[in-house]
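Novice: The structure is given below, and queries will be raised subsequently.
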Amino acid sequence: MNKLLITTLSILALSSTGALAEDKLPLKELPGIADRDYWVPGEVNADGKLEALQAVVGAEGVPFTGSQDKPVEIALIYPSADTSDFWARNFLAMTKRLEELGIKYNTTEFASRQIEHSLQSTYANQVLQDGDIYDYVIFGPSELAIQADNIDKLSGEDSFKTYVWAFHTPLKDLKNQPDVWFDFSSAAGALVMCDYMLERLGNGVTMAMNRGIPGITDNQRSGDFKDCVMEKGDWKVAYEHYGEYQREGGFEGTSLILQAYPEATIIHNANTAMAMGSVEAQVSVGKEKEIFSTGWGGTGLELDAIRRGELDATPMRMGDDVGAATAEAIKADLEDRSGELPLVFLGRITVAHDQMGAEELDALQQEAFRFSGVGALER
Amino acid sequence: MTTTTHHPGNPVKFSERIEPFLAIIGPMVMILAILLFMGVAEPARYFRLSNLNLILLDAALYMPMAMAMTFVITQRGIDLSIGSVAALTSILMAFLIKQFGFSAPVAITIALVLGALCGLINGLVITKFKVPDLIGTLAMDLVYRGLALVIAKGLVLARFPEILTDIGRGQIPGFIPVPVVIGLLTMALGYWLLKRTFFGRYTVAIGSNPEAAEMTGIAVDRYKIYAYVLMGAAAALAGVMLTGKLNAIQATSAPYFNLHVIAAVVVGGTSLFGGRASMLGSLAGVLLLSMMINALVTLRIEFFWQSVASGVVIVSSVALYTWLQKKDRDGAKGLIAGLTTPESLKLLRLSGGLIAALALLLLIGSLLAGNPVASG
Amino acid sequence: MPTGENNSGPLVSMRSITKRFGGVTALSIVDLDAYAGEVLAIVGDNGAGKSTLIKILTGVYQPTEGEIYVGGGKLVMNSHSDAIAEGIDAVYQTLALADHLDPASNMFLGNELTRSFLGITVLDNKRMREETERVLFERLGVRLRSLDVPTASLSGGQRQAVAIARAVYHEGLRVLVMDEPTAALGPQETARTLKLIMALKAQGLAVILISHSLDDVFEVADRVHVQRRGKCAGVVQVSQSSQQEVLGLIVGAEEAA
Amino acid sequence: MQSLESNALEPTKAEIQGLSIRGKLLRFLPVYGLVILTIILILLFSILLPTTFPTLLNLRAIISDKAIIALLSLGAMIPMAAGRIDLTVGYGIVLWHILAISLQTLFGIPWPLAVVIVLMLGAMTGFFNGLLVEVAKIDSFIATLGTGTVLYAIALWHTGGRQMVGVLPDGFYALSTTFVFGLPITGYYLIAITVFMWLVLEYTPIGRYLYAIGANQRAAQLNGIPTRKYVIGAFMASGTMTALAGVLLASKLRIGQASVGLEFLLPALVGAFLGSTTIKPGRVNVWGTVVGVAILAVGISGIQQFGGSFWVEPLFNGVTLLIAIGIAGYAQRRKGAVKK
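Laid out in structure tokens, this is it:
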């Protein structure tokens, strides 16, 4: 029983020392900082660090020069059980890059379903308890706010490094920041997309949207995009459907839009599944050529749809960046260069569209999935 | 004639003496199996104080609900709405605290009362509308979940006063976590309710023989409603504990509470056909499920085995109990003997036929198979 | 001849009882008298109105027309508990036992003994157990091997004893209705149950016995009330009648005087 | 758990004859209440949304969207008729739609064979459920929950978080995407299966026996009905229907992944439960189930056209179910009151 007390106290002590390292945040302030309970990447990344890591990730891997007496132990806690192959790809990209870098590793996966917050919490506790086993813990929160305390707890542990996947907004009130956040910024993607759409389609257009589930992700993918095109291009939004990121939802929403809001010539979809449902609904009534529809993420399915001429544009993530960057971070850490890492890493995003040639699209896809492989996943 | 506690005649049979404990044999055997297995496979990590703490912490969340569900199921009822009740009440509590500045104890109390109210509605729907429990609570599950979504949308409410996180994950130094204390207290309360109060006695009577209960003048509907009210309050308490544990809550939280809790209770020997209640069994059931998940995680086994294991454990412990009972009733007939009846032989032949047909189809399929077209 | 008929008036009288369910008439103008210290058997075919009659007597149904008198006073009962309060109780064929509860819990079901614990009223399981043991032995001469087992594990006769004990525990019990008490029992258990009935009769209760078995009826009953098609087909003294005569009344071969 | 009692209360001919017009109306209202409500909803939405609701497009959308749920509902109602519940309809469809694709992409099995294999697997799962329920005597809720979790786990293991994608033969896609007389072919499957099930359940001994088992298994047994055989058969039928729904889902989605399908469980059960409140109130029935799914489809589609949000669906499902069972319960009490 005493041992427990001591552990409790020591965790408390550790967390207070851990906090010191992050005292310097934010590095600089961006508009709206007071209204946010999180920092945006620009506020916490020292100049040049993000770009430097992006460059390393985009280039050929430089092999690890140091020596390992045993493989690094990596625990992955993420909600991969029922989502698209996003997590599987990250995993593959990381492991392939580690192999490319010549780093020996072992992985243990703790997977759950997206809505099983409680189970993920259980996993986090158990990994924490087995902290002596692991060198790196990669945590993909089921939902940022809900898992905030677990991020805090894991980050407070000294015996391993903590990397967070799929989020890029460091929460202000974490006592302990993880070592790096790895993600794509939907907000950045929304701006890239906004610029492209305004340039391509001009001003004053009417759009309808298949949004996801209200929340931070949808606010960025759909909300930021909507705000941008309405403000910069004077666009109108006829209707917003919440398709819950489900294919069915996209189909339903699009069927609805096609008949109830025929004035909308553009349909925005907040993820691949909804985009596929949307395209299918359009094809079923032969309207896929009239409607300019967009997806999100530039996954293989979306690119196929673009090749078929059904989908028209999509902000495309260089999908394997997150996994590869994680491998690079591990390498940097092993080489005692972790000081060079940004606090938030963002993967690269460009727009893939129907005016690109087949080769251009192929090259883009090749680059995006250079580790996990274009097409169906083999694991 | 004086009363004596000495009984003449034959001594009490062994099977009669273990009868009250028969219900928890199932989960106990399974727990023992896990302990033995882990004792060989990973003793150092599994058997340590911090891990016991984790197991208990995980189980604590389900204890209040398993307690109340024991009553509901014993009365031949079922409640599928508990996850939504937990989500709805804790969302409301969170709003009261975060948006309206209510003090946490007040908000928590309100949540519990709201939970009881949800339970009351369930009970009224079932007893007054004469809706079967399964359908009634399924409908209410959808309604409560819908309301929670209406209120909170996709919002996550996080960062609550300390009292709440204490309830959810606080640790009494040198002792077990606060939620475990709460959970065990509710279990003890349940045991007391079951054995010492009208409510408990009538719960068993109603489940055992509803007509008899009615005839002896028991207000069957009222006691059914009591069980659902208790269930609602317990679900709300679990919601509060979950909110505290995660220090955050969302309308979609607590998705699989109902199935997990029902499984724990049934594994613990409480019968879905009513009348047979075992509070100790429910506690054992909750612990068993938590220990199993913990063991699989400790062994670093791939996650889908959790699903398989819980499915297998649920079915096999219920099957074990049914078999024990049947054996008791029909005399000890071996499993093999049971398989050789003409009826079973027919079934065996049918399953053999199905498997053979499937094998044949797969064979034909592989003969006809072209190259796999795996690329997209 | 141990009927109380000569000593005093009937303990309970039903007069001109009629009961209709919607358009169906289940009972039409039936009279019934039961005396203390007497066993009255009610016999008749299925659907003759036997169980409707006793359900009215025990307050489960209310008669459409007709009155019930107890000890000379008119009685209006709205529920079974009203009947119990008047000293009329029944042991049903199904025994109305909660099989998962132990015998003591069953005996006191709906009528539990309590005690106060820190100001909270709780069940007094210990006292209920002792009382059960006492009542079973003193009034029915039955000893159970264990009082801690579920009632389901008792034999048919023992279960019957528990059900009867529940009825006779009530101090004011005057009329006990028994619905097919021997239907599901073997010969040995039947003999024991008939002995129980005789014991109750000796204790001065009016016992009303519904049975299909004329052998049983002629063994314990003093009088037989025959129901046929919702009407009383006749009441005969066992000592002055035969099974043939009663059988005739049941099937309607001869109309009673 | 007496959750699925069967106590039909449709009016008998004799009962109807003696009633006034008002009496007849009162008597029929609970029987056709849901149908009437559906029609009212359609009319209401058509008046309020004249340009968008009563359109062929919307009909297509509803049919192609809900036909699979209707199939699942019909599958689930077969064991329900026999007083059992089958939760594997929700878990099964996850695995079956994945297998329908992966058997082709990973193992190169021609699509018609892949379909047959999936259907066989569905039947086998049903058979296994039947064994658990009838031979091992495990309550159907727990038994099918158990097998369901295992099926789902297999789906997770088989996919490992991946999506099953691949270029599949057009014939396979045609299973769900063909249009006949302007409407999706899935709608015609649904009609065919509905009519077939209706004939079997209402006009053959099989249906009689199933309902008899549902009403009182003991009595059915005593009357010489081989209850074990029929219950196992009911689960096999439901398993096969689930597999069929899975195949159609695969053909429609063209992707198999473990995150799809589980959300069908509740709507499917709700549809079957709703069905038990109409046409033949008091017991699950074929046309009632179709009406049940239809009213949910119409209601949700209409409300969403008004700009309802993602929370509409659970709330509408729940409230409709409540109202419908409320009406049925009311009718039951009226009937009960007459009896006493």
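Residue numbers (my numbering), protein chains in the order written: chain D, 1 to 379; chain W, 1001 to 1376; chain Y, 2001 to 2257; chain G, 3001 to 3340.
Backbone N, C-alpha and C define an ideal beta-carbon position, used for all residues, glycine too.
Could you pull out every residue in the same chain whose Cβ sits closer than 6 Å to the Cβ of E2067/Y, ignoring the five residues on either side in sequence?
Specialist: R2015, K2074.
Novice: Suppose you measure from the CA of I1172/W to the CA of V1178/W; what does that come to, to the nearest Å?
Specialist: The alpha-carbon atoms of I1172/W and V1178/W are separated by roughly 6 Å.
Novice: Give me, in chain order, the residues of the same chain whose beta-carbon lies closer than 7 Å to that of V2039/Y; leave out the 5 immediate sequence neighbours on both sides.
Specialist: Closer than 7 Å at the Cβ level, and outside the excluded window around V2039/Y, lie I2197, K2201, V2207, L2209, V2220, A2221, D2222.
Novice: Mind checking if V3260/G is an interface residue toward chain D, Cβ cutoff 9 Å exclusive?
Specialist: Yes, its Cβ sits closer than 9 Å to a Cβ of chain D.
Novice: What ranges does the beta strand (DSSP E) occupy inside the stretch 334-368 of chain D, keeping only unbroken runs of at least 3 residues that lie completely in it?
Specialist: You should have 344-346, 349-353.
Novice: How would you call V3270/G, buried or exposed, if buried means at least 16 neighbouring beta carbons within 10 angstroms?
Specialist: With 16 or more Cβ atoms within 10 Å of its Cβ, V3270/G is classed as buried.
Novice: Decide if S2242/Y is buried, meaning its Cβ has at least 16 other Cβ atoms within 10 Å, or exposed.
Specialist: Flag for S2242/Y reads exposed.
Novice: Name the DSSP bridge partner or partners of C194/D?
Specialist: In the DSSP output, where bridge partners are listed per residue, C194/D has none listed.
Novice: Could you tell me the alpha carbon to alpha carbon distance between S2051/Y and F1129/W, rounded to whole angstroms?
Specialist: If you take the alpha carbons of S2051/Y and F1129/W, they lie about 29 Å apart.
Novice: If you draw a straight line from the C-alpha of K3339/G to the C-alpha of G3146/G, how long is it?
Specialist: Because the pLDDT of K3339/G is 38, which lies under 50, any placement of that residue in the model is unreliable, and the number read from its coordinates should be weighed accordingly. When rounded, the distance between both Cα atoms is 41 Å.
Novice: Counting only beta-carbon separations shorter than 9 Å, does F369/D have a partner in chain W?
Specialist: No, F369/D lies away from the interface with chain W (no Cβ there is under 9 Å from its Cβ).
Novice: So is V2076/Y buried or exposed if we call it buried at 16+ other beta carbons inside 10 Å?
Specialist: Answer is exposed; the Cβ neighbour count stays below 16.
Novice: Name the one or two DSSP bridge partners that M2014/Y has.
Specialist: In the DSSP output, where bridge partners are listed per residue, M2014/Y has L2032/Y, I2068/Y.
Novice: Taking any Cβ of chain W, which residues in the stretch 154-177 of chain D have a Cβ under 8 Å from it, in chain order?
Specialist: Under the 8 Å Cβ criterion, the stretch 154-177 of chain D contributes D173.
Novice: Reducing DSSP to helix, strand and coil, say where E178/D ends up.
Specialist: In the sequence as presented, Glu is not what sits at residue 178/D; that position holds Pro. Three-state DSSP puts P178/D in coil, outside helix and strand.
Novice: Which bits of chain G does F251/D rub up against, with CB to CB less than 7 Å?
Specialist: In chain order: D3065.
Novice: Could you give the C-beta distance for F3235/G and G3130/G, rounded to a whole number, given that I count them as a contact under 8 Å?
Specialist: The Cβ separation is near 4 Å, so the contact holds.
Novice: Name the chain G residues that come within less than 8 Å of W87/D, Cβ to Cβ?
Specialist: By Cβ distance, chain G contributes G3161.
Novice: Over the uninterrupted alpha helix (DSSP H) stretch that includes K24/D, give me the two end residues.
Specialist: First-last for K24/D: undefined, no H or E at that position.
Novice: Does V374/D come within less than 9 Å of chain G when only Cβ atoms are used?
Specialist: Chain G contact via Cβ: absent.
Novice: Here's the rule: buried if 16 or more other CB atoms are within 10 angstroms of the residue's CB, otherwise exposed. What is K236/D?
Specialist: Counting Cβ neighbours within 10 Å, K236/D comes out exposed, since fewer than 16 surround it.
Novice: What do you get for V3165/G, buried or exposed, if any count of 16 or more other CB atoms within 10 angstroms of its CB means buried?
Specialist: Classification for V3165/G: buried.
Novice: Counting only Cβ-Cβ distances shorter than 9 Å, please list the residues of the stretch 2093-2109 of chain Y near chain W, keeping chain order.
Specialist: Of all residues in the stretch 2093-2109 of chain Y, T2094, L2095, A2096, L2097, A2098, D2099, H2100, L2101, S2105, N2106, F2108, L2109 have a Cβ within less than 9 Å of some Cβ in chain W.
Novice: Per the contact definition of three or more C-beta pairs closer than 8 Å, is the stretch 3206-3224 of chain G in contact with the stretch 3288-3307 of chain G?
Specialist: Cβ pair count under 8 Å is below three, so no.
Novice: For E43/D, which residues in the same chain have their Cβ closer than 8 Å to its Cβ, ignoring the five residues on either side in sequence?
Specialist: Cβ neighbours of E43/D beyond the five flanking positions: L25, P26, L27, K28, E29, L30, I33.
Novice: Is V3133/G helix, strand or coil by DSSP?
Specialist: In this structure, V3133/G counts as helix in the three-state DSSP scheme.
Novice: List the residues of chain C that N3285/G touches, going by C-beta distances under 8 Å, in chain order.
Specialist: Although the question refers to chain C, the structure presented lacks it and instead comprises the protein chains D, W, Y and G.
Novice: Where does D3170/G fall in DSSP's three states?
Specialist: Three-state DSSP puts D3170/G in a helix.
Novice: At a CB-CB cut-off below 9 Å, which residues of chain W make contact with F3141/G?
Specialist: Here the neighbours are I1078, L1134, I1262, V1266, L1272.
Novice: Excluding the 5 residues flanking D1079/W on each side, which residues of the same chain have their C-beta closer than 6 Å to its C-beta?
Specialist: Once the five neighbours on either side are set aside, the close Cβ partners of D1079/W are V1072, T1137, M1231.
Novice: List the whole-angstrom C-beta distance separating A3243/G from L3119/G, where the pair is believed to meet the contact cut-off of C-beta under 8 Å.
Specialist: Indeed they touch by this definition, with Cβ atoms about 5 Å apart.
Novice: With a 10 Å radius around its C-beta and 16 neighbouring C-beta atoms as the bar for buried, classify A1041/W as buried or exposed.
Specialist: Exposed.
Novice: Please confirm if Y123/D has its CB atom under 9 Å from at least one CB of chain W.
Specialist: It does: the Cβ of Y123/D has a partner Cβ on chain W nearer than 9 Å.
Novice: Hey, how far is the Cα of L76/D from the Cα of G140/D?
Specialist: So the alpha carbons of these two residues sit roughly 8 Å apart.
Novice: Considering S293/D, what are the terminal residues of the beta strand (DSSP E) in which it resides?
Specialist: Note, S293/D: beta strand (DSSP E), 292-294.
Novice: Give the interface partners of P214/D over in chain W, defined as CB-CB distance under 8 Å, in chain order.
Specialist: What P214/D touches in chain W: K1153, G1154, L1155.
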